[in-house]
Amino acid sequence: MANSNNSMSISNKQKTTFIHEIGRLTIFVVEAFGDITLFTLEMFRWLFTRIPRSSIIFSTMYHVGVLSLPVVIITGGFIGMVLAVQTYDQFSMMHMETRLGAVINVSLVKELGPVLAATMLAGRIGSSMAAELGTMRVTEQIDALKALGANPIQHLVVPRFLACLFMVPLLTAIADLTGVLGGWFIGSFIMGIDSFHYWFHSEYYVTAYDVLGGLLKSIFFGSAIALIACHRGFNCGAGAEGVGKAATESFVLSFIAILTIDFFLTFIINTGYYIIWPSPVSLM
Amino acid sequence: MNSANQTPVIELKNTSRSFGCQKILRDISIKIHQGETVALIGESGCGKSVTMKLMMSLLLPDQGNVYWNGKHISEQSDKDLSRERLRFGYLFQGAALFDSMTVFENIAFGLRQNTKMSDKEIKDIVQEKIRDVGLTVSVKNKKPAELSGGMKKRVGLARALAMSPEVMFYDEPTTGLDPIMSDVINELIIQTRQQRQVTSVIVTHDMKTVQKVADRVIMLYPLSRLSEGEPQIIFEGTTKEAFQTNDPRVSQFITGEARERLQELMEV
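In the order they appear, the protein sequences are chains A and B. Following our numbering, the numbering of the first sequence begins with 1 at its first residue and continues without gaps. Following our numbering, the numbering of the second sequence begins with 285 at its first residue and continues without gaps.
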């Protein structure tokens, strides 16, 4: 009996082809998308039905926002400084070093600030949320919430979503600011560019639309980080291995989501810009 | 007693449940009547905890139905289900205390979440429950990480009892505790039942608990050891009958003998 079962399972394994694998992967991806979509809809349902106590929301905002400040300040500052060092030589060769501020600041507020700040936060906040919720799942704390009449999505996911929705754009603004200051510090004090011209060209080239476009992206990045992290935590596997895997998956999936969202939003924001202001601003 | 004629407090009818490709429960039917204490026994992995979570609707069955006081649970809205679930208390295997909260906040959680009681009323109830489970009130400001295993279980019990449940579920209440603390927990289960007519369902491997606390015993067998069509519930009867049965599978579990399992170990 056991032998016949073994031989059956071996013959089944032999029949598995590349096409089977593609089919399995497709089903997995469709299921995963469906699952996170239902999870998101459920979260929105609770978001508009019953908002958690303000003490829970503020405590989560403190953990997401205030405690992430050092890492965001360091990330933003160094991005600005590195950009200044990398671009100075090329601009100096064309005697355009005073335009350095324009290039550094526009790259920062439109792209690098939001994306790199969100990536750092996906690592710091997202992984920690996935690990925390995963541990709660493994130790039956999520079941305990249900048993005590609380809805786990309303109690655990909604505050984290709100905290990321509001805090990630604020942290991105701080990363932008420290990046701008970092670039100016290197450009003016180390490379010797005149501060007046540095800021004059920055002001001319960087528009409010660029800054707001970057911050708009960060709202989507923050939402994606919270939803992916909470979803991974809620679907965490058993034991320490499951918790570790949930934290890793949370970061990797958030990173992919950030890059994908960034591509589509950049496309939409740029199209919007050219619709409103048909002739682009020149560096010259 | 005419309990057979009463509507059961909880009823599982032909329920099955799988996790991925692994089937854990197959066609299980169980009735729990008001006021009785039922022990669910069986080997690790046979589906006892899953059965209890189905009873509380913490999990939903893949097939079959769950009834609370004769009402089908899938016909109730999420809100009603949540409210109805408050009639049940659940002591989790590892106590499942919320790590980020103090003992006080853990016990007060259900009251704050579901009632409009004042802070003073909540404080009084929490202190009463802490004393009921034999702990001193000074423990209320501690975090779960600062408590021993026995203390965690007792805080978990106090948290479940704070909502004055009609039905108590105990998931391996004495596992991992020393013999004295195990007996303390057994006594607390009896005391809870004596104070109010609480219906209790206990998942346990501890035969002392079964003997001391249970009125009725239900034994589940792992599906991997059963052939197709064999019932998964291999014993259902009074505690006395369980300890006197001639069924070798039941008596082997109750007396805790390895028997043919040793042979299986050698073959591996």
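Where is the CB? At the ideal position from N, CA and C, for every residue including glycine.
Identified DSSP bridge partners for B:R543
Against the second sequence, residue 543 of chain B aligns to sequence position 259. DSSP, once it has assigned bridges, lists no residue as partnering B:R543.
task = Please confirm if the stretch 435-449 of chain B is in contact with the stretch 383-396 of chain B, defined as three or more CB-CB distances below 8 Å between the two stretches.
result = yes
Per-residue DSSP class, three states only, for A:I51 = As a position in the first sequence, residue 51 of chain A is number 51, starting the count at 1. Residue state, collapsed to three classes: coil.
Residue from B:S302, B:V487, B:Q479 and B:S402 with nearest C-alpha to B:G319: Position 35 of the second sequence, counted from the start, is the residue given in the question as residue 319 of chain B. It is B:Q479.
Sorted by chain position, which residues of the same chain lie with C-beta nearer than 6 Å to B:Q347's C-beta, five sequence neighbours on each side aside? Locating residue 347 of chain B in the second sequence gives position 63, counting from the first residue. If we look at B:Q347 and ignore the five residues flanking it on each side, its Cβ neighbours are S300.
Between the stretch 169-188 of chain A and the stretch 92-103 of chain A, do at least 3 Cβ pairs fall closer than 8 Å?
yes
| said: Quick check: what's the CA-CA separation for A:S107 versus A:T248? | reply: Taking the first residue of the first sequence as position 1, residue 107 of chain A is located at position 107. Taking the first residue of the first sequence as position 1, residue 248 of chain A is located at position 248. For A:S107 and A:T248, the distance between alpha carbons rounds to 29 Å.
> Is it true that the CB of B:I502 sits closer than 9 Å to the CB of B:L324?
Replying inline: Sequence index remark: in the second sequence, residue 324 of chain B carries index 40 (1-based). Sequence index remark: in the second sequence, residue 502 of chain B carries index 218 (1-based). Yes. Within cutoff.
- Inter-residue spacing [alpha-carbon to alpha-carbon] between A:G80 and B:P457: The count along the first sequence starts at 1 and reaches residue 80 of chain A at position 80. The count along the second sequence starts at 1 and reaches residue 457 of chain B at position 173. Answer to the nearest angstrom: the Cα atoms are 58 Å apart.
* Asked: For B:F393, which residues in chain E fall below 7 Å Cβ to Cβ?
  -> Considering every chain present, this structure includes no chain E. Its protein chains are A and B.
Worksheet item: In chain A, what lies closer than 9 Å to B:N398 by C-beta?
Response: If you number the second sequence from 1, residue 398 of chain B lands on position 114. Per Cβ cutoff of 9 Å: L148, G149 and A150.
Checklist entry - Is there a Cβ from chain B that is less than 9 Å from the Cβ of A:D89? => result By 1-based counting over the first sequence, the position of residue 89 of chain A is 89. Not one chain B Cβ lies under 9 Å of A:D89.
Q.
9 Å is my cut-off, CB to CB: does A:T139 come that close to chain B?
A. Counting from one through the first sequence, the residue named residue 139 of chain A turns up at place 139. Chain B, which has a Cβ nearer than 9 Å to the Cβ of A:T139, makes this yes.
Any C-beta of chain A under 9 Å from that of B:S535: Translated into the one-based positions of the second sequence, residue 535 of chain B becomes position 251. Chain A contact via Cβ: absent.
In terms of DSSP beta bridges, what is B:D455 paired with?
Residue 455 of chain B sits at position 171 when you count from the first residue of the second sequence. Note: B:D455 sits in a beta bridge opposite B:V487.
- prompt: Taking the Cβ atom as the reference point for each residue, do B:G331 and B:L504 lie within a distance shorter than 9 Å?
  reply: Taking the second sequence and counting its residues from 1, the one referred to as residue 331 of chain B is at position 47. Taking the second sequence and counting its residues from 1, the one referred to as residue 504 of chain B is at position 220. Yes, the Cβ-Cβ distance between B:G331 and B:L504 is below 9 Å.
Just checking, does the stretch 251-267 of chain A make contact with the stretch 203-211 of chain A on the three C-beta pairs under 8 Å criterion?
no
Local conformation of B:K436 per DSSP, three classes | By 1-based counting over the second sequence, the position of residue 436 of chain B is 152. Note: B:K436 maps to helix in three-state DSSP.
Discussion item. Tell me the rounded alpha-carbon separation between A:A144 and B:M550.
Written reply: Residue 144 of chain A sits at position 144 when you count from the first residue of the first sequence. Residue 550 of chain B sits at position 266 when you count from the first residue of the second sequence. Using only the alpha carbons, I get a separation of about 41 Å.
Where B:F376 meets chain A, residues with beta-carbon distance less than 9 Å:
Looking up residue 376 of chain B in the second sequence gives position 92. What B:F376 touches in chain A: T139, E140, Q141, D143, A144 and A147.
> Taking just the CA atoms, how far does A:A173 sit from A:Q90?
Replying inline: Residue 90 of chain A sits at position 90 when you count from the first residue of the first sequence. Residue 173 of chain A sits at position 173 when you count from the first residue of the first sequence. So the two alpha carbons sit approximately 28 Å from each other.
- Query: Given B:I316, which residues of its chain have a CB within under 8 Å of its CB, disregarding the five upstream and five downstream residues?
  - Reply: The sequence position of residue 316 of chain B within the second sequence is 32, counting from 1. P292, V293, I294, E295, V322, M339, V451, T483 and V485, listed in sequence order.
Cross-strand partners of A:H63 (DSSP beta bridge) | Here residue 63 of chain A corresponds to residue number 63 of the first sequence, with the count starting at 1. Looking at the DSSP assignment, A:H63 forms no beta bridge with any residue, so it has no partner.
- Message: So B:M263 contacts chain A; which residues on that side make the cut at Cβ distance below 7 Å?
- Response: In the structure as shown, chain B starts at 285 and stops at 552, and residue 263 of chain B therefore has no counterpart that could be examined.
Roughly how far, in whole angstroms, is the beta-carbon of A:F251 from the beta-carbon of A:G123, given that I think they are within contact range, below 8 Å? Working through the first sequence from its first residue, we reach residue 251 of chain A at position 251. Working through the first sequence from its first residue, we reach residue 123 of chain A at position 123. Confirmed, about 6 Å.
For B:M491, the nearest candidate out of B:K524, B:I312, B:I518 and B:L365 (CA to CA): Start at 1 with the first residue of the second sequence, and residue 491 of chain B comes out as number 207. Residue B:K524 is the option with its Cα nearest to B:M491.
**Request:** Compute the beta-carbon to beta-carbon distance between A:I225 and A:A118, rounded to the nearest angstrom, for a pair I have assumed lies under 8 Å.
**Result:** Indexing the first sequence from 1 puts residue 225 of chain A at position 225. Indexing the first sequence from 1 puts residue 118 of chain A at position 118. Indeed, because the Cβ distance is near 7 Å, the residues count as touching under 8 Å.
* Is it buried or exposed for B:E548, if we count other Cβ within 10 angstroms and need 16 for buried? -> Counted from its first residue, the second sequence places residue 548 of chain B at position 264. With fewer than 16 Cβ atoms within 10 Å of its Cβ, B:E548 is classed as exposed.
| message | Measuring only the C-alpha atoms, how far is B:K307 from B:E368? | response | Numbered from 1 along the second sequence, position 23 holds the residue referred to as residue 307 of chain B. Numbered from 1 along the second sequence, position 84 holds the residue referred to as residue 368 of chain B. Distance between the alpha carbons of B:K307 and B:E368: 28 Å.
Q) Straight-line CA distance for A:M235 to A:A246? A) In the first sequence, counting from the first residue as 1, residue 235 of chain A sits at position 235. In the first sequence, counting from the first residue as 1, residue 246 of chain A sits at position 246. Note on residue identity: the sequence assigns Asn, not Met, to residue 235 of chain A. Approximately 8 Å, taken between the alpha carbons.
By Cβ distance below 7 Å, which residues in the same chain neighbour A:I19 in space, the five residues on each side in sequence not counted? The residue given as residue 19 of chain A occupies position 19 in the first sequence. None.
Compile a chain-ordered list of the residues in the stretch 287-320 of chain B whose CB is closer than 8 Å to at least one CB of chain A. none
Tell me, please, whether the stretch 531-541 of chain B touches the stretch 353-362 of chain B by the rule of three or more beta-carbon pairs shorter than 8 Å.
no
Beta-carbon separation of B:R500 and B:T476 under 9 Å? Taking the second sequence and counting its residues from 1, the one referred to as residue 500 of chain B is at position 216. Taking the second sequence and counting its residues from 1, the one referred to as residue 476 of chain B is at position 192. Going by C-beta atoms, B:R500 is not nearer than 9 Å to B:T476.
Original post:
Going by Cα to Cα distance, which pick from A:F220, A:G134, A:L181 and A:L41 is closest to A:N105?
Top reply: On the first sequence, position 105 is the one that residue 105 of chain A refers to. Measuring from the Cα of A:N105, the nearest candidate turns out to be A:L181.
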